[in-house]
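Enquirer: Numbering (UniProt numbering), first residue to last: 1 to 127. Where a beta carbon is used, it is the ideal one built from N, C-alpha and C, also for glycine.
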(Lines of atoms letter the chains of each structure in order from A and count residues from 1; the text may use other names and numbers.)
(Lines give C-alpha, C1' and ligand atoms only; values in the text may rest on other atoms or scores of the structure.)
Protein backbone atom coordinates (compact mmCIF):
# COMPACT_ATOMS: atom_id res chain seq x y z
CA UNK A 1 0.00 0.00 0.00
CA UNK A 2 2.93 2.35 0.72
CA UNK A 3 4.27 1.89 -2.81
CA UNK A 4 0.90 2.60 -4.37
CA UNK A 5 0.45 5.75 -2.30
CA UNK A 6 3.99 6.90 -3.14
CA UNK A 7 3.31 6.35 -6.85
CA UNK A 8 0.06 8.29 -6.56
CA UNK A 9 1.73 11.24 -4.85
CA UNK A 10 4.66 11.22 -7.27
CA UNK A 11 2.30 11.09 -10.23
CA UNK A 12 0.34 14.01 -8.84
CA UNK A 13 3.48 16.15 -8.79
CA UNK A 14 4.92 14.87 -12.09
CA UNK A 15 1.73 15.32 -14.07
CA UNK A 16 1.17 18.79 -12.60
CA UNK A 17 4.71 19.82 -13.58
CA UNK A 18 4.21 18.49 -17.09
CA UNK A 19 0.90 20.32 -17.41
CA UNK A 20 2.45 23.59 -16.28
CA UNK A 21 5.35 23.24 -18.71
CA UNK A 22 3.32 22.33 -21.81
CA UNK A 23 0.78 25.01 -22.63
CA UNK A 24 -1.63 23.77 -25.31
CA UNK A 25 -1.02 25.17 -28.75
CA UNK A 26 2.32 26.73 -27.88
CA UNK A 27 4.63 27.25 -30.85
CA UNK A 28 7.47 25.54 -29.00
CA UNK A 29 5.46 22.41 -28.11
CA UNK A 30 7.86 19.94 -29.75
CA UNK A 31 10.89 21.39 -27.99
CA UNK A 32 9.06 21.39 -24.67
CA UNK A 33 8.09 17.71 -25.00
CA UNK A 34 11.65 16.88 -26.05
CA UNK A 35 13.09 18.76 -23.07
CA UNK A 36 10.70 17.04 -20.66
CA UNK A 37 11.60 13.60 -21.99
CA UNK A 38 15.34 14.32 -21.93
CA UNK A 39 14.98 15.67 -18.40
CA UNK A 40 13.29 12.41 -17.43
CA UNK A 41 16.14 10.44 -19.02
CA UNK A 42 18.57 12.46 -16.92
CA UNK A 43 16.54 12.24 -13.71
CA UNK A 44 15.57 8.55 -13.68
CA UNK A 45 19.09 7.10 -13.23
CA UNK A 46 19.76 9.61 -10.45
CA UNK A 47 16.55 8.68 -8.63
CA UNK A 48 17.00 4.92 -9.01
CA UNK A 49 20.79 4.75 -8.77
CA UNK A 50 22.36 7.54 -6.74
CA UNK A 51 19.55 8.54 -4.38
CA UNK A 52 19.12 5.19 -2.57
CA UNK A 53 22.87 4.80 -2.16
CA UNK A 54 23.67 8.34 -1.04
CA UNK A 55 20.67 9.11 1.15
CA UNK A 56 18.74 6.79 3.46
CA UNK A 57 15.46 6.51 1.58
CA UNK A 58 12.77 3.84 1.75
CA UNK A 59 12.23 1.67 -1.35
CA UNK A 60 8.63 2.86 -1.68
CA UNK A 61 9.87 6.46 -1.93
CA UNK A 62 12.23 5.50 -4.78
CA UNK A 63 9.32 3.77 -6.52
CA UNK A 64 7.11 6.81 -6.01
CA UNK A 65 9.75 9.12 -7.44
CA UNK A 66 10.67 6.89 -10.39
CA UNK A 67 7.34 5.38 -11.44
CA UNK A 68 5.11 8.17 -10.13
CA UNK A 69 6.96 11.45 -10.59
CA UNK A 70 9.32 10.71 -13.50
CA UNK A 71 6.87 8.33 -15.16
CA UNK A 72 4.03 10.84 -15.18
CA UNK A 73 6.32 13.76 -16.04
CA UNK A 74 7.73 12.20 -19.20
CA UNK A 75 5.58 12.03 -22.29
CA UNK A 76 6.33 9.10 -24.59
CA UNK A 77 2.78 8.91 -25.93
CA UNK A 78 2.82 12.64 -26.72
CA UNK A 79 6.20 12.21 -28.41
CA UNK A 80 4.89 9.35 -30.57
CA UNK A 81 1.70 11.21 -31.51
CA UNK A 82 3.60 14.38 -32.41
CA UNK A 83 5.98 12.37 -34.60
CA UNK A 84 3.05 10.68 -36.36
CA UNK A 85 1.35 14.04 -36.94
CA UNK A 86 4.54 15.49 -38.41
CA UNK A 87 4.70 12.57 -40.85
CA UNK A 88 1.02 13.05 -41.75
CA UNK A 89 1.76 16.71 -42.47
CA UNK A 90 4.67 15.66 -44.72
CA UNK A 91 7.12 17.48 -42.43
CA UNK A 92 9.66 14.71 -42.90
CA UNK A 93 12.77 16.65 -41.91
CA UNK A 94 11.12 18.03 -38.80
CA UNK A 95 9.91 14.53 -37.88
CA UNK A 96 13.38 13.10 -38.43
CA UNK A 97 14.97 15.84 -36.33
CA UNK A 98 12.37 15.44 -33.59
CA UNK A 99 12.60 11.65 -33.35
CA UNK A 100 16.35 11.46 -33.92
CA UNK A 101 17.09 14.36 -31.60
CA UNK A 102 14.85 12.99 -28.86
CA UNK A 103 16.42 9.54 -29.03
CA UNK A 104 20.01 10.74 -29.28
CA UNK A 105 19.73 13.44 -26.61
CA UNK A 106 17.71 11.13 -24.34
CA UNK A 107 20.33 8.41 -24.67
CA UNK A 108 23.14 10.90 -24.00
CA UNK A 109 21.29 12.29 -20.96
CA UNK A 110 20.70 8.82 -19.50
CA UNK A 111 24.29 7.76 -20.18
CA UNK A 112 25.66 10.95 -18.64
CA UNK A 113 23.39 10.57 -15.65
CA UNK A 114 24.50 6.96 -15.13
CA UNK A 115 28.14 8.07 -15.29
CA UNK A 116 27.49 10.82 -12.73
CA UNK A 117 25.61 8.38 -10.52
CA UNK A 118 28.49 5.90 -10.53
CA UNK A 119 31.01 8.64 -9.73
CA UNK A 120 28.92 10.06 -6.89
CA UNK A 121 28.29 6.66 -5.37
CA UNK A 122 31.93 5.60 -5.78
CA UNK A 123 33.09 8.88 -4.20
CA UNK A 124 30.61 8.57 -1.32
CA UNK A 125 31.81 5.06 -0.48
CA UNK A 126 35.38 6.24 0.07
CA UNK A 127 34.57 9.15 2.39
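Can you look up residue 56 in the DSSP assignment and give me helix, strand or coil?
Expert: coil
Enquirer: Hey, residue 36 and residue 18: beta-carbon distance below 8 Å or not?
Expert: yes
Enquirer: Count the C-beta pairs between the region 45-56 and the region 89-100 that are closer than 8 Å, then say yes if the count reaches three, no if not.
Expert: no
Enquirer: Have a look at residue 61 and residue 71 and give me their C-alpha separation to the nearest angstrom.
Expert: Rounded to the nearest whole angstrom, the CA to CA distance from residue 61 to residue 71 is 14 Å.
Enquirer: Using the Cβ count rule (16 or more neighbours within 10 Å means buried), how would you classify residue 65?
Expert: buried
Enquirer: Only counting the same chain, and skipping five residues up and downstream in sequence, which positions put a Cβ closer than 7 Å to that of residue 99?
Expert: 83
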